[in-house]
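Protein chains in written order, with our numbering: chain X, 78 to 309; chain R, 5 to 257.
In this text, a Cβ means the ideal position worked out from N, Cα and C, and glycines have one as well.
See below for the structure under consideration.
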Amino acid sequence: MNCEQYQELLSDLVDGFGSGEDRNRIESHLSGCVACAEVRDDFVAIAGYCHEHRGEYDAVPNERALWLRISNTIEAENAVRAKESVPSGASSWFRLMNRSWQLSFGQLAVAVAAIVLVVSIATVASMKQLYSGGSNVRTAGPTIGTNNISLDDRYRQQKQAIAYWKDRVELNKARWNPEMRDTFDRNMTVIDTALNDSMKQLTQNPHDPVSEDILNDALNDKVALLKEFADL
Amino acid sequence: MKLFSSATRNWVKSFSVFLLLALTVGAAHLVAAQQKVSRHYPAGKNVRLELKNIAGTITVETWARDEIRVTATMDNRKVNFNPRQTDAGLVIDIAADNRGKVDVGDMNFKIELPARSSVDLETRSGQITVSNIQGDLVRAHIWTSGDITLSGINAARVFATNTTGDIYFDGEFSSGGTYEFKSGKGNITLRLPANCGFRLVATAPTKEIKMGPFWHPGMKLVSEGRRITGDVGDGRASVTVTNYQGTINFLRR
Chain X
78 MNCEQYQELL
88 SDLVDGFGSG
98 EDRNRIESHL
108 SGCVACAEVR
118 DDFVAIAGYC
128 HEHRGEYDAV
138 PNERALWLRI
148 SNTIEAENAV
158 RAKESVPSGA
168 SSWFRLMNRS
178 WQLSFGQLAV
188 AVAAIVLVVS
198 IATVASMKQL
208 YSGGSNVRTA
218 GPTIGTNNIS
228 LDDRYRQQKQ
238 AIAYWKDRVE
248 LNKARWNPEM
258 RDTFDRNMTV
268 IDTALNDSMK
278 QLTQNPHDPV
288 SEDILNDALN
298 DKVALLKEFA
308 DL
Chain R
5 MKLFSSATRN
15 WVKSFSVFLL
25 LALTVGAAHL
35 VAAQQKVSRH
45 YPAGKNVRLE
55 LKNIAGTITV
65 ETWARDEIRV
75 TATMDNRKVN
85 FNPRQTDAGL
95 VIDIAADNRG
105 KVDVGDMNFK
115 IELPARSSVD
125 LETRSGQITV
135 SNIQGDLVRA
145 HIWTSGDITL
155 SGINAARVFA
165 TNTTGDIYFD
175 GEFSSGGTYE
185 FKSGKGNITL
195 RLPANCGFRL
205 VATAPTKEIK
215 MGPFWHPGMK
225 LVSEGRRITG
235 DVGDGRASVT
245 VTNYQGTINF
255 LRR
């Protein structure tokens with residue numbers, strides 16, 4: 078143990094707490110450490126004075142008035158400090174941001190209600206715009222399925238996955254027997270045909286739900302088939 | 005050369021003996037090359053079978069015994085075949101058991117199990133035939149080519165998918181059940197009882213969706229008839245049928 082730890086135990090020692098073993102250990106440390114012995118003496122003096130003068134203090138005449146005075150003094154000091162911290166040439170935005178806000182419950186409730194109102198109005202206005210005059214936003218490109226990713230983006234994303242798995246398949250393909258290679262190629266052609274047909278349909282009718290679904294399904298089927306055969 | 009001269013008779017005799025010998029040797033070679041394994045596993049009434057094959061046919065039938073019999077005929081004698089018994093039932097994963105092997109060849113399965121079983125079957129190519137299953141699940145998935153035939157099925161969930169090949173379903177739809185049939189190129193035929201009820205989404209870009217006796221004016225044609233949606237009967241089962249390049253046919257039992 079170091080001096081700091083011994084000094085933390087000194088208060089208990091002076092008050093008569095602690096085990097006999099602790100007491101012996103601290104006493105033996107104090108006999109060789111002048112600094113800790115002085116701290117012990119201070120504690121003993123404070124405790125002795127408190128014991129001797131117990132009940133001799135006068136009650137505060139007006140406790141509430143005293144606390145008000147203390148509170149006013151602290152607030153006055155804070156205000157002076159805040160004024161000093163704002164530079165003389167500071168902008169009104171700077172003053173606003175550095176101001177200390179103290180709101181009552183009523184003020185806070187009104188502020189929250191105002192924020193909710195403004196956000197609601199803004200949301201309703203933007204939704205109206207989206208569904209009436211904002212149709213050009215949604216027709217930026219044909220969309221697939223429920224997510225609003227454009228056809229090209231979706232196809233590009235899937236193409237990356239397809240390219241990756243295709244490479245893996247090509248690496249292993251040489252090891253397959255001719256029958257397996259033929260079966261795989263034939264079935265991949267079936268999926269590619271479905272993909273191309275649905276793409277063609279979507280070019281003519283960008284919002285055709287059947288073609289969108291077929292395109293989605295066929296893309297997923299292609300990735301799944303490539304994945305399955307990449308392990309072979 | 006006379007037709008029945010002794011020279012001719014001798015020639016015919018010699019040729020017959022040679023042909024017989026050749027056939028015997030050929031058959032013996034074929035038998036020697038193939039290996040047939042049959043195993044039995046104890047099973048409760050509601051057992052689940054999972055089978056993942058690489059290539060070959062899968063035939064599942066039901067019987068009245070509380071056990072599963074798996075009979076496997078394999079082209080390649082070196083194929084690993086290690087069925088695993090689990091708490092739920094039996095798992096056979098030929099793909100995992102033979103990972104890294106270059107040519108496993110065809111492996112044909114015949115499986116007999118209790119009628120209340122669930123079956124989850126998958127193969128990269130080959131046919132799948134399932135008969136008389138009355139359990140919770142029937143799933144048949146062929147990654148590439150092969151026909152799927154499901155007959156006498158009464159399961160709450162049925163999924164049948166392939167890329168090339170026909171799909172035939174003959175069975176009933178349970179109220180609240182889910183049924184999905186999907187083919188890339190082939191004909192999908194569903195043979196159903198007259199009183200069955202289901203909510204249908206049938207999609208075929210070829211526009212060849214024949215509802216037969218299940219058609220009614222309340223059904224909706226989407227995208228110029230490439231999709232048909234609507235309720236048949238009470239509409240409590242959910243049925244999705246998709247065919248990229250083939251027909252969809254509904255028949256009444």
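Of the residues that make up the segment 188-214 of chain R, which ones have a beta carbon closer than 7 Å to any beta carbon in chain X?
188, 189, 207, 209
For the beta strand (DSSP E) that contains residue 45 (chain R), what are its first and last residues?
Taking the second sequence and counting its residues from 1, the one referred to as residue 45 (chain R) is at position 41. Here the beta strand (DSSP E) through residue 45 (chain R) covers 39-46.
Would you say residue 183 (chain R) faces chain X, with C-beta separation under 8 Å as the test?
Taking the first residue of the second sequence as position 1, residue 183 (chain R) is located at position 179. No, residue 183 (chain R) does not count as interfacial toward chain X.
Can you grab the Cα-Cα spacing for the pair residue 120 (chain R) / residue 43 (chain R), in whole Å?
By 1-based counting over the second sequence, the position of residue 120 (chain R) is 116. By 1-based counting over the second sequence, the position of residue 43 (chain R) is 39. Looking at the two C-alpha atoms, the distance is approximately 20 Å.
What in chain X is Cβ-close to residue 148 (chain R), meaning under 7 Å?
Taking the second sequence and counting its residues from 1, one reaches residue 148 (chain R) at position 144. 260, 261, 264, listed in chain order.
Count the C-beta pairs between the segment 264-281 of chain X and the segment 290-298 of chain X that are closer than 8 Å, then say yes if the count reaches three, no if not.
yes
According to DSSP, is residue 59 (chain R) helix, strand or coil?
Residue mapping note: residue 59 (chain R) aligns to position 55 of the second sequence, counting from 1. Of the three classes helix, strand and coil, the one that applies to residue 59 (chain R) here is strand, per DSSP.
With 8 Å as the threshold, decide whether the Cβ of residue 242 (chain R) is near any Cβ in chain X.
The count along the second sequence starts at 1 and reaches residue 242 (chain R) at position 238. Closer than 8 Å: no.
I'd like to know if the segment 43-54 of chain R and the segment 100-107 of chain R are in contact, where contact means that at least 3 CB-CB pairs between them fall below 8 Å.
no
Can you check whether the C-beta of residue 291 (chain X) is within less than 8 Å of a C-beta belonging to chain R?
Taking the first residue of the first sequence as position 1, residue 291 (chain X) is located at position 214. Closer than 8 Å to some Cβ of chain R, the Cβ of residue 291 (chain X) qualifies, so yes.
Could you give the residue range of the alpha helix (DSSP H) that holds residue 302 (chain X)?
In the first sequence, residue 302 (chain X) corresponds to position 225, counting from 1. Residue 302 (chain X) -> alpha helix (DSSP H) spans 286-307.
Do you know how far the Cα of residue 239 (chain R) is from the Cα of residue 223 (chain X)?
By one-based count along the first sequence, residue 223 (chain X) stands at place 146. By one-based count along the second sequence, residue 239 (chain R) stands at place 235. Low confidence applies here, because residue 223 (chain X) scores a pLDDT of 44, under 50, leaving its location unreliable; read the following figure in that light. When rounded, the distance between both Cα atoms is 24 Å.
Neighbourhood of residue 2 (chain R) by C-beta distance below 6 Å, restricted to the same chain and skipping five residues each side:
Nothing can be reported for residue 2 (chain R): it is not among the residues displayed for chain R, which extend from 5 to 257.
Check the Cβ of residue 273 (chain X) against every Cβ in chain R and list those closer than 7 Å, keeping chain order.
Locating residue 273 (chain X) in the first sequence gives position 196, counting from the first residue. Result: empty, since nearest Cβ-Cβ is about 11 Å, beyond 7 Å.
Any C-beta of chain X under 8 Å from that of residue 107 (chain R)
If you number the second sequence from 1, residue 107 (chain R) lands on position 103. It does: the Cβ of residue 107 (chain R) has a partner Cβ on chain X nearer than 8 Å.
Within the same chain, show all residues whose beta-carbon is closer than 6 Å to that of residue 133 (chain R), passing over the 5 residues directly before and after it, in chain order.
The residue labelled residue 133 (chain R) in the question sits at position 129 within the second sequence. Taken in chain order, the residues that qualify are 63, 153.
What's the C-alpha gap between residue 208 (chain R) and residue 198 (chain X)?
Taking the second sequence and counting its residues from 1, one reaches residue 208 (chain R) at position 204. Taking the first sequence and counting its residues from 1, one reaches residue 198 (chain X) at position 121. Computed Cα separation, rounded: 45 Å.
Against residue 167 (chain R), what residues of chain X qualify as contacts under a CB-to-CB distance less than 8 Å, listed in chain order?
For this step, residue 167 (chain R) is matched to residue 163 along the second sequence. Correct list: 264, 267, 268, 298, 302.
Under 9 Å by beta carbon: chain R residues contacting residue 286 (chain X)
Here residue 286 (chain X) refers to the residue found at position 209 of the first sequence. Within chain R, the residues near residue 286 (chain X) are 226, 227, 231.
Collapsed DSSP secondary structure at residue 222 (chain X) in the structure displayed:
Stepping through the first sequence from its first residue, residue 222 (chain X) is reached at position 145. With a pLDDT of only 43 at residue 222 (chain X), under the threshold of 50, the placement of this residue in the model should not be trusted; the figure read from the coordinates follows. Of the three classes helix, strand and coil, the one that applies to residue 222 (chain X) here is coil, per DSSP.
Answer yes or no: does any C-beta atom of chain B fall closer than 8 Å to that of residue 128 (chain R)?
In the structure shown, chain B cannot be found, because the protein chains are X and R.
Are the beta-carbon atoms belonging to residue 188 (chain R) and residue 167 (chain R) less than 8 Å from one another?
Translated into positions along the second sequence, residue 188 (chain R) becomes position 184. Translated into positions along the second sequence, residue 167 (chain R) becomes position 163. The answer is yes: Cβ separation under 8 Å.
Helix, strand or coil, according to DSSP, for residue 138 (chain R) in the structure here?
In the second sequence, counting from the first residue as 1, residue 138 (chain R) sits at position 134. Three-state result, residue 138 (chain R): coil.
Quick one, are the C-beta atoms of residue 72 (chain R) and residue 127 (chain R) less than 8 Å apart?
Walking along the second sequence from the start, residue 72 (chain R) turns up at place 68. Walking along the second sequence from the start, residue 127 (chain R) turns up at place 123. No, Cβ-Cβ distance for residue 72 (chain R) and residue 127 (chain R) is not below 8 Å.
Where do the ends of the beta strand (DSSP E) carrying residue 247 (chain R) lie?
Working through the second sequence from its first residue, we reach residue 247 (chain R) at position 243. Here the beta strand (DSSP E) through residue 247 (chain R) covers 241-247.
Taking buried to mean at least 16 other C-beta atoms within 10 Å of its own C-beta, is residue 257 (chain X) buried or exposed?
Reading the first sequence from its first residue, position 180 is the one you call residue 257 (chain X). Buried, since its Cβ has 16 or more Cβ neighbours within 10 Å.
Would you mind telling me which residues of chain R sit closer than 8 Å to residue 98 (chain X), beta carbon to beta carbon, in chain order?
Position 21 of the first sequence, counting from 1, holds the residue named residue 98 (chain X). Simply none; closest approach about 59 Å.
Figure out for me which residue from R:82, R:80, R:122, R:105 has the closest Cα to the Cα of residue 308 (chain X).
Residue 308 (chain X) sits at position 231 when you count from the first residue of the first sequence. Of the listed residues, the one whose Cα sits closest to residue 308 (chain X) is R:105.
So, with DSSP's three-state summary, where would you put residue 237 (chain X)?
Here residue 237 (chain X) corresponds to residue number 160 of the first sequence, with the count starting at 1. Here residue 237 (chain X) sits in helix by DSSP.
So, for residue 54 (chain R): in the same chain, excluding its five sequence neighbours on each side, which residues have a beta-carbon less than 6 Å away from its beta-carbon?
As a first step, residue 54 (chain R) is located in the second sequence; it is residue number 50 there, counting from the start. Only 95, 124 meet the Cβ criterion.
Give me the residue from X:87, X:182, X:239, X:263 with the minimum Cα distance to residue 116 (chain X).
Taking the first sequence and counting its residues from 1, the one referred to as residue 116 (chain X) is at position 39. For the residues X:87, X:182, X:239, X:263, the minimum Cα distance to residue 116 (chain X) belongs to X:87.
Neighbourhood of residue 247 (chain R) by C-beta distance below 6 Å, restricted to the same chain and skipping five residues each side:
Counted from its first residue, the second sequence places residue 247 (chain R) at position 243. Excluding residues within five positions, the ones whose Cβ falls inside 6 Å are 187, 192, 208.
Tell me which same chain residues have a C-beta within less than 7 Å of the C-beta of residue 250 (chain X), skipping the five on either side of it?
In the first sequence, counting from the first residue as 1, residue 250 (chain X) sits at position 173. 258, listed in sequence order.
Check residue 102 (chain X) in the structure and name its three-state DSSP category.
Here the question's residue 102 (chain X) lines up with position 25 in the first sequence. In the structure shown, residue 102 (chain X) sits in a helix (DSSP, three-state: H, G or I).
Grab me the residues of residue 184 (chain R)'s own chain with a C-beta within less than 6 Å of its C-beta, minus the 5 sequence neighbours each way, in chain order.
Taking the second sequence and counting its residues from 1, one reaches residue 184 (chain R) at position 180. Answer for residue 184 (chain R): 163, 244, listed in chain order.
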